[in-house]
Structure formats: structure tokens, C-alpha cells
Amino acid sequence: MAASGLQVPFLDFDLSGGKSAFLDVPPPEDEDSTVAGLFRKLFDIRFSYIKESLETCLPFTFWFPQFLKHSPLDGLVKDVLCGLTVTAVLVPQAMAYSMLAALKPEYGLYTAMAPCLGYMLFGSCKHLSVGPFALISMLTASGIRTVVPYPDQDPEGAVAAAVILSFFVGVILLVFGLLRLGFIATFLSDPVLSGFCTASSIIIPVSQLKYAFQVTIVDSHFLPEVRSLASSELAGLGNSVSFLIFFMSLGGIVVMQHINKKPPRRLAGALKQFPLPAELIVVIVSTFLCWALKLGECPGPCVRHLDPLPPGLPKISIPNFGEPHIKKLANESLLIAAMSYIISMSVSKTFGRKFNYEVDNNQELIALGTANLLGCLTSSYPACASLSRTAIIGNAGARTPLHNLWTVLAVCGVLMACTKLIEPLPLATLAAIVVMAFKSLLLSGLDEC
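Going by my numbering, the letters in the sequence shown line up with residues 5 to 453, in that order.
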């Protein structure tokens with residue numbers, strides 16, 4: 005039999021001495037089949053896996069090297085300006101929301117520090133602003149009152165309860181994140197959440213009227229509080245100067261928010277990027293007037309203002325787990341944790357879609373849990389995302405989550421150097437800030453009815 009036409013597969017010759025047509029592409033010349041080459045491939049695979057895992061669990065290991073690689077100076081300037089702009093809104097909001105949480109104003113500023121840094125390191129949304137939020141502050145006050153019925157009479161007990169709430173909220177969110185339970189938010193219906201927010205947006209503004217009229221109300225329930233407020237006003241116990249400050253503060257915030265939404269043509273570009281800090285302007289003006297006109301003196305107008313704020317940063321301490329009512333606080337923390345996650349995910353998903361990047365549900369749980377666990381070590385109460393502050397960050401053009409660092413540094417500066425300057429701030433002004441925070445919740449709830 006002639007062997008001239010016989011070809012052997014995978015060989016580069018046939019029996020007749022001709023070249024085979026089976027292998028048109030020669031094997032790669034740089035293929036390393038040695039033991040060292042195999043170990044090198046294995047190391048590359050392992051390193052790639054570890055890098056991807058780190059970038060998923062610790063997002064800052066991805067965005068910080070990218071920040072250093074691509075025009076860091078330009079990004080740094082943007083983040084610094086963004087952080088300072090947010091601080092202008094955050095400082096008055098934090099003090100007002102802390103009062104809403106039945107705590108002294110400085111604890112709102114503490115809540116704007118460690119939780120903010122914790123989210124910066126672990127969060128997957130680069131624009132999110134985590135700190136004090138009105139709705140979570142209300143739920144915190146409700147949780148505190150289950151173990152401390154009168155927080156004004158026992159401020160230390162109220163702080164201890166708030167810190168334990170922050171710890172439990174952090175543990176719940178962190179465990180849910182590690183168990184990959186980020187899908188649970190989809191089981192809560194929109195009508196239930198809308199009804200809850202609408203009811204809160206009616207109850208909370210009414211609760212702030214005691215600061216506006218400057219009357220003492222012992223009962224913290226809605227209907228008894230309304231009756232007590234009405235009877236106090238009928239008896240002439242209210243303070244007309246305090247109410248005037250409240251009304252003018254409301255009007256000033258409304259006007260400046262309207263200017264931000266519909267700015268004059270010449271200022272449209274600037275106000276879109278750096279909107280007027282309505283709350284800060286109202287705080288500065290009312291504080292100056294209260295100091296210049298001596299409205300806090302008695303006898304005289306006798307307008308209530310902030311108590312002296314302790315200068316300096318919060319001390320790091322471990323929560324007191326010997327609290328006798330710790331089980332009640334653990335139960336209250338479930339609702340706070342659920343609402344914190346739902347609100348934060350809603351805000352982060354919105355801005356992730358707007359700026360075209362992915363937000364990981366489970367990583368957000370881990371980030372929020374870590375934020376609250378760090379917060380409980382620095383006398384913070386439960387923290388959550390804020391839509392208004394996140395919107396400012398987005399409009400200001402933040403490049404990285406480093407804007408949180410500059411916000412925290414600015415708040416530290418306020419605590420260390422400006423506590424004496426803000427002591428004349430009227431409580432009626434902070435009450436107006438709280439009322440305006442719930443305006444959007446009420447309007448959005450009514451639109452869905």
C-alpha cells in the first residue's frame with residue numbers, strides 16, 4: 005500500500021515527507037510549561053482573585069488608587085469644595101436632628117463624624133452622605149423613650165440608650181450583609197412606607213411647635229401634646245418673639261430653596277453647582293440677631309437658645325451593655341435598621357443610575373453596619389443616608405468618596421473652635437429646620453394618595 009497520501013493528525017509532516025494541513029497555526033513560542041511557569045500562572049490567578057475580593061469588600065482599595073492615578077490634584081480640589089459645601093448644610097441639620105432624637109445638639113455633630121468615615125471606606129456609592137437624618141432621629145427618640153420616658157430629665161441615660169441602639173443597628177445590618185440578605189428590602193411595599201413617612205411628616209412638625217411657641221410640654225404623644233400646646237397658648241404662656249423667629253426662619257428657608265430650584269439666569273450655573281446653604285444662612289442670621297439684640301436675656305424677650313456645647317472631639321468609649329432594658333432597645337433597633345437600609349438604598353440606587361455606576365445591595369448593608377458600629381464608639385446615635393446632602397454632593401461634582409473626609413474635618417473644626425459662637429442660636433430656628441426636613445416627605449406622600 006502506498007504511504008504517500010497517508011497523514012498523521014497533530015504531526016507537522018506526513019509519511020510522504022510533505023507538510024500536514026492539519027496544523028496551520030504553530031504553537032505559541034512563549035508558552036512556559038515548566039514548574040516555575042505553572043506556579044507563576046497559579047499566583048497570577050490567586051492574586052487576581054484576591055484583588056477582586058478586596059475591591060468588592062473594601063471598595064476604597066479600588067477607587068483610591070484610581071484617584072491617585074488620574075489627575076489627583078483636580079479631584080482633590082473638587083472633593084474639598086464638595087465637603088465644605090455639605091458641611092454648611094450638615095452642621096445646622098445635625099444639631100436640629102439631634103434635638104429631634106431627644107438628645108443634646110452636640111450628639112448630632114458626633115453622628116456626622118465616625119459613621120461618615122466608616123461608610124467612606126466600605127460603601128459602594130461614592131456620592132452618599134451618611135449621618136443624622138430626620139426620620140431615623142424620630143425613630144431613635146421613640147426607642148430612647150421606651151427605656152428613658154423623659155430624656156430631658158435624664159440626658160445621660162438617653163445618650164446611653166442611643167449609643168446601644170446604634171450598636172444593635174450596626175450589628176443587624178452587618179450580619180444581614182455578610183449573609184447576603186440585601187434582597188429583603190423588596191418585600192416591603194411602597195404604600196406601607198409611604199404611609200409611614202406621611203404620618204411622620206405630620207407628627208414631627210407638630211412636636212416642634214413647643215420650641216416655636218417656647219412652652220413646656222411633658223407628654224410626648226401626639227394628641228395630648230396638641231391639647232397641651234393649645235391650652236398653653238390660650239393661657240398666654242407662649243413667647244411671641246420665639247414664634248416670630250420660627251416663622252421668619254421657615255420663610256427664609258422656603259425663599260432660598262425656591263431660588264435654588266429656579267435661579268436667576270445669571271446665577272443659574274453657579275447655584276446649580278453650589279446651591280445656597282439655606283439652613284446655614286438662617287442659623288447665622290438668627291444667631292447674630294439673638295446675640296446683637298440680646299434676645300436671650302431675662303427679663304426681656306427670654307428666647308431659649310442652645311446650652312453651652314462641650315468643646316473638643318467626642319471621646320472613644322465602649323457602650324454600656326449592663327443597661328437593664330437592653331432587650332427593649334434590641335427590639336426597637338430592628339425597625340431603625342430596616343428603615344435606615346431602605347432609605348439609604350433608595351438614595352444610593354438613584355445616584356448610581358444618575359452617574360452610571362453599580363451599587364451593591366449587600367455591600368451597602370456591610371457599609372451601613374460598619375458606620376453605625378464605629379459611631380457607637382464615639383457617642384453617636386443611628387446614622388442613615390440623607391437625600392438632600394447627597395444631592396448637594398452630586399451637583400457639586402464630587403470625584404471620589406474622599407469628600408466625606410473633608411466634611412468630617414470641617415465638623416471637627418466646628419467642635420474645636422466654634423462652639424462659643426453658636427451658643428446664641430435660638431431653638432426656634434432649629435425647630436424650623438426640622439419642619440422643613442419633613443415637608444418633602446409630606447408632599448411626596450400626598451402625591452401618592
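Idealized CB from N, CA, C, for every residue including glycine.
Source: prediction; values computed, not measured.
Would you kindly work out how many angstroms separate the C-alpha atoms of Glu362 and Ser350, rounded to a whole number? Residue mapping note: residue 362 aligns to position 358 of the sequence shown, counting from 1. Residue mapping note: residue 350 aligns to position 346 of the sequence shown, counting from 1. Going from the Cα of Glu362 to the Cα of Ser350 covers about 13 Å.
Ordered along the chain, which non-local residues of its own chain (more than five positions away) have a Cβ less than 7 Å from that of Pro119? Stepping through the sequence shown from its first residue, residue 119 is reached at position 115. Excluding sequence neighbours, Pro119 sits near Val134, Gly135, Ala375, Asn376, Leu378, Gly379, Ser384, Ala387.
Residues that DSSP places opposite Pro430 in a beta bridge: Counting from 1 along the sequence shown, the entry for residue 430 is found at position 426. BP columns for Pro430 point to His309.
Within 8 Å, strictly: CB atoms of Pro279 and Phe171: Numbered from its first residue, the sequence shown carries residue 279 at position 275. Numbered from its first residue, the sequence shown carries residue 171 at position 167. Cβ atoms of Pro279 and Phe171: not closer than 8 Å.
Tell me, please, whether the stretch 337–353 touches the stretch 117–132 by the rule of three or more beta-carbon pairs shorter than 8 Å. yes
Which runs of the beta strand (DSSP E), 3 residues or longer, sit entirely within the stretch 60–119? none
How is Cys422 classed by DSSP in three states: helix, strand or coil? By one-based count along the sequence shown, residue 422 stands at place 418. If DSSP states are grouped into helix, strand and coil, Cys422 belongs with coil.
For Gly135, list the residues DSSP reports as bridge partners. In the sequence shown, residue 135 corresponds to position 131, counting from 1. Paired residues: Cys388.
Rounded separation between Lys358 and Gly273 - CA only: As a first step, residue 358 is located in the sequence shown; it is residue number 354 there, counting from the start. As a first step, residue 273 is located in the sequence shown; it is residue number 269 there, counting from the start. Roughly 19 Å between the two C-alpha positions.
Could you have a look at Thr468 and say whether DSSP puts it in helix, strand or coil? With the chain covering only 5 through 453, there is no way to say anything about residue 468.
Starting from the Cα of His407, find the closest Cα among Leu80, Phe64, Pro76, Gln70 and give me that residue. In the sequence shown, the residue the question calls residue 407 occupies position 403. The option with the nearest alpha carbon to His407 is Leu80.
Gly147 and Ser337 closer than 8 Å at C-beta: For the purposes of this step, residue 147 is taken as the residue at position 143 of the sequence shown. For the purposes of this step, residue 337 is taken as the residue at position 333 of the sequence shown. Yes, they are a contact pair.
What residue range does the alpha helix (DSSP H) around Ile288 cover? Counted from its first residue, the sequence shown places residue 288 at position 284. First-last of the alpha helix (DSSP H) with Ile288: 282–296.
Would you mind giving the Cβ-Cβ distance between Val308 and Leu429, rounded to the nearest angstrom? I have them listed as a contact below 8 Å. If you number the sequence shown from 1, residue 308 lands on position 304. If you number the sequence shown from 1, residue 429 lands on position 425. According to the sequence displayed, residue 308 carries Arg and not Val. Wrong, their Cβ atoms sit about 10 Å apart, outside the cutoff.
Under a three-way DSSP split, which group does Asn360 fall into? Here residue 360 refers to the residue found at position 356 when the sequence shown is read from its first residue. Three-state DSSP puts Asn360 in coil, outside helix and strand.
Let me check you understand the geometry: is the CB of Phe171 closer than 7 Å to at least one non-hydrogen atom of the ligand SAM? The ligand content of the structure shown is nil, which means the ligand SAM is not present either.
Alpha carbon to alpha carbon, what distance is there between Phe180 and Ile221? Counting from one through the sequence shown, the residue named residue 221 turns up at place 217. Counting from one through the sequence shown, the residue named residue 180 turns up at place 176. Ile221 and Phe180: Cα-Cα distance of roughly 40 Å.
For Gly326 versus Val286, is the C-beta distance shorter than 8 Å? Counting from 1 along the sequence shown, the entry for residue 326 is found at position 322. Counting from 1 along the sequence shown, the entry for residue 286 is found at position 282. For Gly326 and Val286, no; Cβs fall outside 8 Å.
Given this structure, state the Cα-to-Cα distance separating Ile263 from Asn399, to the nearest angstrom. Residue 263 sits at position 259 when you count from the first residue of the sequence shown. Residue 399 sits at position 395 when you count from the first residue of the sequence shown. One C-alpha to the other measures close to 15 Å.
Should the stretch 241–249 be called in touch with the stretch 211–219, which here means at least 3 C-beta pairs below 8 Å? yes
Same chain, Cβ closer than 8 Å to Cys111, five either side skipped, listed in chain order: Within the sequence shown, numbered from 1, the residue matching residue 111 stands at position 107. Inspection of the sequence shows that residue 111 is occupied by Tyr rather than by Cys. Correct list, in chain order: Ser102, Ala105, Val163, Ala166, Ser383, Ser384, Tyr385.
Beta-carbon separation (whole angstroms), Leu143 vs Ala414, contact threshold 8 Å: For this step, residue 143 is matched to residue 139 along the sequence shown. For this step, residue 414 is matched to residue 410 along the sequence shown. The Cβ separation is near 27 Å, so there is no contact.
Put Leu381 into one of helix, strand or coil per three-state DSSP. Looking up residue 381 in the sequence shown gives position 377. In the structure shown, Leu381 sits in a helix (DSSP, three-state: H, G or I).
Out of Ile188, Trp295, Gln277, point me to the one whose CA is closest to Lys424's CA. By 1-based counting over the sequence shown, the position of residue 424 is 420. Cα-wise, what sits closest to Lys424 is Trp295.
Can you say whether Asp364 is buried or exposed, counting buried as having 16 or more other CB atoms within 10 angstroms of its CB? As a first step, residue 364 must be located in the sequence shown, where it is residue number 360. So Asp364 counts as buried.
Thinking C-beta only, is Val151 closer than 8 Å to Leu339? The sequence position of residue 339 within the sequence shown is 335, counting from 1. The sequence position of residue 151 within the sequence shown is 147, counting from 1. No.
Just reading off the alpha helix (DSSP H) that Gly181 is part of, what are its end residues? What you label residue 181 is simply residue 177 of the sequence shown in a count that begins at 1. First-last of the alpha helix (DSSP H) with Gly181: 159–182.
Excluding the 5 residues preceding and the 5 following Gly356 in the sequence, name in chain order all residues of the same chain whose CB lies nearer than 7 Å to its CB. Numbered from its first residue, the sequence shown carries residue 356 at position 352. Counting only Cβ-Cβ distances below 7 Å, and skipping sequence neighbours, we find Cys129, Glu362, Val363.
Count the other CB atoms within 10 Å of the CB of Val259; is the residue buried (16 or more) or exposed (fewer)? The sequence position of residue 259 within the sequence shown is 255, counting from 1. When all chains shown are included, Val259 counts as exposed.
Through-space distance from Pro303 to Ile347, alpha-carbon basis: Taking the first residue of the sequence shown as 1, we reach residue 347 at position 343. Taking the first residue of the sequence shown as 1, we reach residue 303 at position 299. Cα to Cα, the separation comes out at about 45 Å.
Own chain residues within Cβ distance below 7 Å of Asp83, not counting five before or after: By one-based count along the sequence shown, residue 83 stands at place 79. The answer, listed in chain order, is Ala402, Arg403, Thr404, Leu406, His407, Trp410.
Between the C-alpha atoms of Phe68 and His74, what's the straight-line distance to the nearest angstrom? To locate residue 68, count along the sequence shown from 1; it is residue 64. To locate residue 74, count along the sequence shown from 1; it is residue 70. Taking the straight line joining both Cα atoms gives about 10 Å.
Between the CA atoms of Thr433 and Val439 - distance to the nearest angstrom: As a position in the sequence shown, residue 439 is number 435, starting the count at 1. As a position in the sequence shown, residue 433 is number 429, starting the count at 1. Spanning the two alpha carbons is a distance of roughly 10 Å.
Straight-line CA distance for Pro155 to Gln70? Your numbering for residue 155 matches position 151 in the sequence shown. Your numbering for residue 70 matches position 66 in the sequence shown. Straight-line Cα distance between these residues: approximately 47 Å.
Give the DSSP-derived three-state secondary structure of Ile221 in the structure shown. The residue you call residue 221 lines up with position 217 of the sequence shown. In this structure, Ile221 counts as coil in the three-state DSSP scheme.
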